Amino acid sequence: MDMKIVKTENKLCSCCMEEHEVKTVLVKEKTTYKKKAIEYNATYMFCDKADELYMEEGQIQENDISLKDAYRISEKLLTSKQIYDIRKKYGISQKDLCILLGWGVKTITRYESHQVQDRAHDMILKKIDQDPEWFLELLEESKEKIQPSSYENYKKKAVSFALSSSKDRILKIKAFVASVSV
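So for the sequence shown, our numbering puts the first residue at 6; every next one is plus one.
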C-alpha cells in the first residue's frame, strides 16, 4: 500500500493503546460512489507496532468530505470548500443564505459538511458567485426575513463585489475594443 506521511507525533495510539510515535498518512483510495468510480486521498493514522491503519473520529468526516468532493469534481459540481467560499465572499451565514434562496434552513450546512448538492442547486450557487447584482436582488426580496444589521453587512459586501465586477467588465470591453480597432 502506498502511503504518504503527513506528520508524526508521540501520543496514545488508539489502535494498540500504547503511547508511541503515531503517523498521520495520506492513502489514495478507490471506491464507487453513486455508481461512479472515484479516486480520492483519505487521511488515516498508522500504528507501526500493529502495522495497521485506523481513523480517528475527525478523519471519518474529513474522508467523507474528500470522497464527496472528488465526486463533485468529476461531475463538475462545486466542492464543499467552494460553497463555503461563496458564502464567505458575501459574509453571509448558512441560515441566511438559505433564507435568501428559499431553501430549507439546513441545506447549505449539509452541502458544506456531507451532502452532495443536486445540479439545480449547484447552478444557483454558481450564479450567485458570478453575479453579485442577482445576489443583491435576492437580498432585497428577503430583507424582511433577515436581521437588519446582517442585511446591511451583506448588502455592503455585495455592492463592493458588484462594483469591482463592473469595473472588470469595462476593462475587458476596452481591451477588446482596442484589439479590434487596431
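Where a beta carbon is used, it is the ideal one built from N, C-alpha and C, also for glycine.
Note that the coordinates shown come from a computational prediction; the quantities given were computed from them, not determined experimentally.
* **S85 and E117 closer than 8 Å at C-beta** => yes
* Asked: Are there three or more Cβ pairs, one per stretch, closer than 8 Å when the stretch 18-32 is compared with the stretch 47-57?
  -> yes
* **Environment of D74 [buried if 16+ CB atoms lie within 10 Å]** => buried
* To do: Counting only runs of 3+ residues fully inside the stretch 46-76, write out the beta strand (DSSP E) ranges in chain order.
  => 57-59
* Whether A167 touches P137 by CB criterion (8 Å) -> yes
* Asked: In this structure, does DSSP put T84 in helix, strand or coil?
  -> coil
* Asked: Secondary structure at K39, three-state DSSP: helix, strand or coil?
  -> coil
* Find out if the Cβ-Cβ distance for the pair L130, L83 is shorter than 8 Å. => yes
* To do: Name the residue from A183, I43, K16 whose alpha carbon lies nearest to the alpha carbon of D5.
  => There is no way to answer for residue 5, as the model of the chain reaches only from 6 to 187.
* Alpha carbon to alpha carbon, how far is S184 from S169? -> 23 Å
* Asked: Can you name, in chain order, every residue of its own chain whose Cβ lies under 6 Å from the Cβ of K16, other than the five neighbours on each side?
  -> V27
* To do: Evaluate V121 with the Cβ neighbour count: other Cβ atoms within 10 Å of its Cβ, from every protein chain shown; 16 or more gives buried, anything less gives exposed.
  => buried
* DSSP three-state assignment for I10, whether helix, strand or coil -> strand
* According to the Cβ coordinates, are S165 and D101 closer than 8 Å? -> no
* Proximal residues to D7 (C-beta, below 8 Å), its chain only, five neighbours per side dropped -> V32, K33
* **I113 and C103 closer than 8 Å at C-beta** => yes
* Asked: Can you tell me whether DSSP reads E117 as helix, strand or coil?
  -> helix
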